[in-house]
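See below for the structure under consideration.
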Amino acid sequence: MASTLKQMKEGESVVDHSSAVGGGVDDVYGEDRASEDQLITPWTVSVASGYTLLRDPHHNKGLAFTQRERDSHYLRGLLPPAVATQELQEKKLMQNIRSYEVPLHRYVAMMELEERNERLFYKLLIDNVEELLPVVYTPTVGEACQKYGSIFKRPQGLYISLKEKGKILEVLRNWPERNIQVIVVTDGERILGLGDLGCQGMGIPVGKLALYTALGGVRPSACLPITIDVGTNNQKLLDDEFYIGLRQKRATGKEYYDLLEEFMSAVKQNYGEKVLVQFEDFANHNAFELLAKYRTSHLVFNDDIQGTASVVLAGLVASLKLLGGSLADHTFLFLGAGEAGTGIAELIALEISTKTYIPIDEARKKIWLVDSKGLIVSSRKETLQHFKKPWAHEHEPLSTLLDAVKAIKPSVLIGTSGVGQTFTQDVVEAMAAFNERPLIMALSNPTSQAECTAEQAYTWTQGRAIFSSGSPFDPYEYKGNLFIPGQANNAYIFPGLGFGLVISGAIRVHDEMLLAASEALANQVTQEHYDKGMIYPPLTNIRKISAHIAANVAAKAYDLGLATRLPRPADLVKYAESCMYTPNYRSYR
Ligand code: NAD
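Going by the UniProt record's numbering, the first residue of the sequence shown is number 1, and it counts up by one from there.
Structure (structure tokens):
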């Protein structure tokens, strides 16, 4: 028995309608304003009542249904008598989640909550972001992907396999939501540091999109997780009778690129020019190529390359307050020249070139990379992969990192090799020998793969290092001073960046938007943070940070003529804040 459920204004908490953008349907809760489809979003939403309502995660409130709502929506008797506030429900669930000692159990509890009560899920995530981020995303999501086949009961996104070739547009139309703004897509080939997980990589787009909503404010219904299944080279999965994906080796070459081409065309055909496609956890041979291929024709973004680059650049820009000088005054040395390393290097070069007006080739000369074969130098150029070639500067070949540190004398040392304990005591002491304040970023994940620990960086430099890492480290006390290591977490950037693209209706991602995102993040670091050695602001303020990033990115999109949502709002920070999804319950008539 279906009935119509009317969403009512929530008394005093109603947002000023006059500020609603687009002038069409009033959306007093703000969240629909982030979408241009607000003009056609119906004021009333039809959902089933009674028993079915309790099983609809978009509208279910559990014990928070009031007595009046229970009467109007045929819920009386289907719930125990107590009426709970959303805050009380949150308190109870946090108690439950904290009682699980195994991280994967916490993950499963959160996913089950999302399947049961979407608003409560997001409220928990937003209010307890530092605690729950490692639960719904890395590191726990990695384990969840490894066991994905046995964890999930309901589909959480779209699976597009080689079997769907020629029918991808139809598959997209099977998804229940029409107005999609952000797609996160993976082919599962390089899931975190875990390698090829094939179809089970789905946990990654699902987790990443939860963060787009919780940290960035994109509506959950506008997010679409997709896994492209072209097979897997993971023999263990192929031999596993419970494996959920295609049971074949990975398709490569033309077959692979033809499927991706059909996918990208179908996405544009179905959702238009303004849908953001974020490529996630593709192996680096495909990641660079897909980004290069589609960045001029679609709104695409690769978090592993561009998001990482932007968050690290933000840390570098912020650290200049502690180090002194401008970026151009520093010399950078990387260990690891893959997606993260070369992506960061390129954005640093672009920022230097933009700020000093020197050609990008000149700016690149400030940046050196070491890969598994040693310092990348011009005599190796012929044998280098194409994305390493711009970094092959004139220098004699050097085979070890220590030799490279001694010869290049960098002020900034960045680890993106994926190999733990490679910033040895010798290396860190060498950095401290010629830098008053060596900046050391040990970005490899997980914690066990960090190039060095926070404790090592601080003790080997007698407390002079500015340290940040990819995985979190606890604050460390050294000779009576408390140092708080920064975490160069991509979650600082991509939700705000994506939201900025959505609210401006941008049609392309331009590198200058990444610089804008970095600058906005760096500006959120206050003197109080610097005093503790921090070069990133605390994640607790992430919604505010995301609004500032979104505003800066949107401003750049308007400046570059890439924004389609007109007119340009006068105050973009306020506009971004007003567009953000909020997870508070609605009252139903
Ligand atoms: P990738 O596989 O693309 O690149 C790794 C690179 O390191 C390759 O070029 C490889 O040749 C090189 N390498 C491997 N062993 C080496 C060694 N012993 N010495 C020198 N170089 C070596 O991987 P990626 O996507 O660039 O990620 C690298 C690491 O960075 C991962 O651990 C990842 O978790 C981390 N990362 C951190 C962040 C962050 O902190 N926000 C973001 C992205 C990636």
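In this text, a Cβ means the ideal position worked out from N, Cα and C, and glycines have one as well.
Keep in mind the model is a prediction, meaning the values are calculated, not measured.
Secondary structure of Ile466 (DSSP, three-state): strand. Apart from the 5 residues on each side of it in sequence, Glu351 sits with its Cβ closer than 7 Å to the Cβ of Leu313, Leu327 and Leu515 in its chain, given in chain order.
Relative to Gln527, the option among Asn117, Pro538 and Lys274 whose CA is nearest is Pro538. Taking the C-beta atoms as reference points, Ile180 is found nearer than 9 Å to Ala222. Taking a C-beta distance under 9 Å as the contact criterion, Pro410 and Trp460 do not qualify as a contact pair. Between Thr424 and Ile507 a beta carbon distance of about 47 Å is seen, past the 8 Å cut, so the two are scored as non-contacting.
Annotation for Val312 indicates a beta carbon within 8 Å of some heavy atom of the ligand NAD. Two segments are said to touch when three or more pairs of C-beta atoms, one from each, lie closer than 8 Å; by this definition the stretch 161-171 touches the stretch 249-264. Partner residues in the beta bridge of Pro225, as assigned by DSSP, are Val184. Restricting attention to alpha helix (DSSP H) runs no shorter than 4 residues, the stretch 327-410 encloses them at 339-356, 360-364 and 401-408, ordered along the chain. The residue from Asp371, His386 and Tyr212 with its alpha-carbon nearest to that of Phe499 is Tyr212. Leaving aside the five residues that flank Met513 on each side, the residues in its chain whose CB is nearer than 6 Å to its CB run, in chain order, Val553 and Lys556. Short note on Asp196: C-beta not closer than 8 Å to any heavy atom of the ligand NAD.
Inclusion of Leu124 and Leu133 in the CB contact set at 9 Å is not warranted, their separation being larger than that value. Just measuring C-alpha positions, the residue of Ala349, His105 and Ile466 sitting nearest Lys147 is His105. For Phe121 against Asp303, the beta-carbon gap comes to about 22 Å, at or over 8 Å, which does not count as contact. For the pair Leu75 and Leu53, the CB atoms are nearer than the 9 Å cut-off. Going by C-alpha positions, Ile535 is about 35 Å away from Gln89. Within the chosen limit of 8 Å, the ligand NAD does not reach the beta carbon of Asn96 with any heavy atom. For Ile191, there is no enclosing alpha helix (DSSP H), as DSSP marks it with neither H nor E. Just measuring C-alpha positions, the residue of Val275, Leu237 and Val108 sitting nearest Val184 is Val275. For Gly142, the shortest C-beta to heavy atom distance toward the ligand NAD is 8 Å or greater. In this structure, the beta-carbon distance from Asn234 to Gly198 falls below 9 Å. Per the DSSP secondary-structure output, Val312 pairs with nothing in a beta bridge. Taking C-beta separations shorter than 6 Å and ignoring five residues to either side along the sequence, the partners of Ser161 in its chain run Asp229 and Leu246, following chain order. Rounded to the nearest angstrom, the Cβ distance from Trp391 to Ala337 is 7 Å, consistent with a contact under 8 Å.
According to the DSSP assignment, Gly415 belongs to the beta strand (DSSP E) that extends over Val412 to Gly415. Look at Leu124 here: in three-state DSSP terms it is helix.
In the DSSP assignment, Val267 falls within the unbroken alpha helix (DSSP H) covering Gly253 to Tyr271. Between the beta-carbon of Gly149 and that of Phe242 there is about 5 Å, and that keeps the pair under the 8 Å contact cut. Nearest to Tyr492 by alpha-carbon distance, out of Ser417, Asn523 and Ala345, is Asn523. Burial of Asn117 is indicated by the presence of at least 16 other C-beta atoms within 10 angstroms of its C-beta. Here the distance from the Cβ of Thr308 to the nearest heavy atom of the ligand NAD is below 8 Å. Shown here, Gln487 sits in a strand according to DSSP, grouped into three states.
Separation of Thr447 and Val427 (C-alpha to C-alpha, rounded to the nearest whole angstrom) is 19 Å. Residue environment: Val102 is assigned as exposed (fewer than 16 neighbouring CB atoms within 10 Å of its CB, all protein chains considered).
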